[in-house]
Structures are given as C-alpha cells and as structure tokens.
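Right, here's the structure in full:
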C-alpha cells in the first residue's frame, strides 16, 4: 500500500456506500481516513473519489446517500490539504459495472462530475473518464538521478537486476551508479521496462536494470541508486524534519523510535531531540524545546536512523524527503525533511566494471 502510494500520480479513494460501511471507514481510525492522509503525505496531489456499492444503499442507488458521503469526504480531504473542487466524485457499483466504463440508467439524478483546477477544468460521467482526466505531472529530468530500489532479483542468464522507479534525473546504460547507503559502485549494463530495452529511463518509469559484478545480497529494498558523477546519494547520519502527529493515543517524547516509511525504505528512526513546536499551517515557532507532542501538534525534530539509510531534503528531492511514521499498525505521524547531515563518505565496493567504465571516460 505504501510503496504503491509513494509512486502514484493520482489516488482513487474507494468509499463503500453501504449503511454502516461508510461510517466505519471514515471513523477516527478508519481505513478511508488513513488512506486519504497517506496519499497526501506521500505526495499524491490528485485524487478521485469512487463511491462504490451504490446498489446496496437504502433505497438502492440513493442520491441522498451519495450527497451525504460527498459532503463528509469533501470536508475531510479539505482538512488534509486537497482542493475539493478539483476532486471528481463518481457513484459506482463495481459489482454491476455501473458508471465504471459506461454510464448507467440506474442513477438518472446523476448528471456527471465536473472539476476546476489550474491546469484546466474537466468533466465527465464515469470512473474511466475521471482517470482519463488525470493531469500528467512534470517530471524532474533536470535534477541528478535518484532511484529508490523496490526489489532486487536474480535472473538466470542475465544476473542481478534491481527494480524501482526513477524519481528524478535520467538513468542510462553504461552509466556508473552508486548505491546509497552502502556506497557500492557499478556499471549499468542495460535497462528494461515492460520487457523492452530502454536507452534512457526518466522520472515516472518503473524499470529493471542489469548491473555487473554485484550479487543480490549486496543490494536491498530502500537503497538509492544515483550517478557517481552528479551529486551521488549518501548515507544519512541524522536529519531534521517537520513532523505532524496525527493520531497517537499518548504523548511522544525524545527517545521514541517508530518505523519510518520514506520512499521504499522501512527503517526505525529515533526521535533524538524535539527542537521546537511549530504551528502546522504557518510553520511559526510556538514553543522551544518541548518535552512532549500529542495528536494534532507539529514540531521540528532531529531524527537518527537505527540502520544505514538514505534520505534527502524535501526541497532538493521531494520523493525522498517525505515520510510516514507507522506504529501500532497505523500512521501516527507524517513528516517533511528540512535538513540532512550526511555521513562522511566511506569508500564502498567499486566493481571491476565501474573501474573500467571510469577509466574509459577518463581517457576521452
């Protein structure tokens, strides 16, 4: 759920319209709230709300029930940060196929959805129309390469193939890449997407790439690939983040060490020091060096990873600079990284192919 959300351009929030079902999802600890919040925190700026199971309302396909749900969900997503006028609400029945791909006669009261957004207004009838109206975001190709690994495979006859999504920059065959936090360096032999070879992979591409002289054990999910010659990624010693506490039953103080989900990394980080409590909307300081934080409060916190980890400042590399704090099987806080202190670069393994490629470019 978190990996998928962190890589998405648009979220489809599926809300069940059945009596009691909607109320359970939107309740304080419900999945609907949790998923909408995760989507926004992880940078998914576009949303579509599909109000499902319209065939199970009382009476079936009830306009009153749809309007009730639309009002409640609009209010909640507004609080999170979404512009509700830019979010299509589509009443559907997945079971019967109503309003999924084609319009339906069963909801004559429903005239379609219409949204206003700065990229241009859009309107339509079905869920497919809403998906077709998603605005493709601008891809940051001009930034240095950052590619968080989602998985690493060993493929017979090919070798080691890391897989992930290019977040910024461009990945090309014959490029020498560095994997943070271990600083392993090697050459990219080839790149594939959907079983087709690519001459370059750009932000948004989910790719597999073949690396030489590296075993599967040396790479893992959460590592970040970058170009050795262009601001290579490094291991993080500690970082300062603005953290907003969403729903934690108690108080959070220094020493708290929950798991952070940042890009594809899933690592416990210690809240080493609560630097200042801030107003979550304006960012102004409310209190210096607070002892505790509780639900609804925001603070600047110095954090230390428990294991080697690679994160970046949100202002430099947004996808690597935001995170969700998970504890007790729910998202208890979300954060944006403001400052990163990198570890002094220790020399990692440099493979033969990396050394050869470096020598070749040195001669040119």
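Residue numbers (full-length UniProt numbering): 1 to 364. Built from N, CA and C at the ideal position, the CB exists for glycine as well. Keep in mind that this is a model prediction, so the values were computed, not measured.
Does residue i come out as helix, strand or coil in the three-state DSSP assignment?
i, result
"residue 65", "helix"
"residue 98", "strand"
"residue 354", "helix"
"residue 144", "coil"
"residue 235", "coil"
"residue 287", "strand"
"residue 363", "At residue 363, the pLDDT of 48 sits below 50, so the modelled position is not reliable and the matter cannot be decided from this model."
"residue 196", "strand"
"residue 246", "coil"
"residue 312", "coil"
"residue 212", "coil"
"residue 320", "helix"
"residue 217", "helix"
"residue 202", "coil"
"residue 172", "coil"
"residue 190", "strand"
Quick one: give me the first and last residue of the beta strand (DSSP E) that residue i is part of.
i, result
"residue 153", "147-155"
"residue 162", "159-165"
"residue 338", "330-342"
"residue 262", "259-262"
"residue 299", "298-305"
"residue 271", "265-278"
"residue 227", "224-227"
"residue 254", "First-last for residue 254: undefined, no H or E at that position."
"residue 178", "176-180"
Measure the beta-carbon distance from residue i to residue j and round it to whole angstroms, keeping in mind my assumption that it falls under 8 Å.
i, j, result
"residue 340", "residue 244", "In fact, because the Cβ distance is near 19 Å, the residues do not count as touching under 8 Å."
"residue 348", "residue 183", "3 Å"
"residue 37", "residue 246", "7 Å"
"residue 268", "residue 259", "5 Å"
"residue 146", "residue 204", "Not really, about 13 Å apart at Cβ, beyond 8 Å."
"residue 206", "residue 193", "7 Å"
"residue 163", "residue 226", "The Cβ separation is near 16 Å, so there is no contact."
"residue 240", "residue 233", "Rounded, the Cβ-Cβ distance is 18 Å, inconsistent with contact."
"residue 274", "residue 298", "In fact, because the Cβ distance is near 11 Å, the residues do not count as touching under 8 Å."
"residue 367", "residue 305", "Past the edges of the chain, shown from 1 to 364, lies residue 367, and the structure says nothing about it."
"residue 12", "residue 48", "5 Å"
"residue 33", "residue 76", "7 Å"
"residue 58", "residue 26", "Incorrect: roughly 18 Å between the Cβ atoms, too far for contact."
State yes or no: is the C-beta of residue i within less than 9 Å of the C-beta of residue j?
i, j, result
"residue 91", "residue 99", "yes"
"residue 322", "residue 43", "yes"
"residue 351", "residue 214", "yes"
"residue 222", "residue 148", "yes"
"residue 133", "residue 115", "yes"
"residue 253", "residue 291", "yes"
"residue 188", "residue 172", "yes"
"residue 186", "residue 353", "yes"
"residue 181", "residue 343", "yes"
"residue 18", "residue 45", "no"
"residue 126", "residue 169", "no"
"residue 332", "residue 248", "yes"
"residue 60", "residue 106", "yes"
"residue 263", "residue 219", "no"
"residue 424", "residue 80", "Beyond the ends of the chain as shown, which are 1 and 364, falls residue 424; an answer cannot be given."
"residue 357", "residue 174", "yes"
Answer yes or no: does any C-beta atom of chain B fall closer than 9 Å to that of residue i?
i, result
"residue 244", "Any reference to chain B falls outside this structure, which holds one protein chain only."
**Request:** Note down, one range per segment and in chain order, each alpha helix (DSSP H) of at least 4 residues found wholly within the UniProt domain "Tr-type G" (1-141).
**Result:** 2-6, 21-26, 31-41, 63-80, 127-132
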